Every structure is written in C-alpha cells, then in structure tokens.
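Step one of this worksheet: look at the structure below.
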Amino acid sequence: MGISIVDLKKGESGIIKEFPIDCVPLKLLEMGCLPGNKVTLIQTAPFKDPLYLSINDSHLAIRKETAAKIEIERIE
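Numbering (my numbering), first residue to last: 25 to 100.
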C-alpha cells in the first residue's frame, strides 16, 4: 500500500485512490469519500486522532484508524 490520509501534513492534499469498502463507514461514502475525489487535511486533534478533513467541499472528522486504510496520491 502507498500513502494514506494519515501521512498528510496540515494543509496538504491528495486524491483518493482506493480503500477496502468494508472498512469505510457508509456515511463517509455518502459525504464524498470516494476514489478520484480530493481530500485536504485541515487539522488534527490532540494525539492526532481524529483528523479534520475537507472532502468534496464537505468538512468531516474521521478516526485515524479509518484514515489509515484510505490510500491516496499526494498532490504537490
């Protein structure tokens, strides 16, 4: 596996490549957490969990455990 959302630094972005469908809650899929969409790390909570993200103009917080399973391609 390549890099995942947890590898992003604050303000960095990436394109979602793939993830195991059974590891991502349905609510995230409904909010745009789908392959091909852009994800930006806005902020991390203390102890790096959860992560506050912008995906497809939606702001959401996801657990580090879930974010680690979502593979991305970093945007330079």
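Just so you know, even glycine gets a beta-carbon here, dropped at the ideal spot from N, CA and C.
Predicted, not measured: the structure shown is a model, and the values here were computed from it.
Contact between the region 58-75 and the region 25-38 is established, with three or more Cβ pairs separated by less than 8 Å. In the structure shown, Leu50 adopts helical secondary structure according to DSSP, grouped into three states.
Contact between the region 61-73 and the region 46-53 is not established, with fewer than three Cβ pairs separated by less than 8 Å. When secondary structure is reduced to three states using DSSP, Ala91 falls in the helix class. Looking at the backbone, the Cα of Gly26 and that of Ile39 are separated by about 12 Å. Short of 7 Å from the beta carbon of Phe43, and not among the five residues preceding or following it, lie these beta carbons of its own chain, in chain order: Lys93, Ile94, Glu95.
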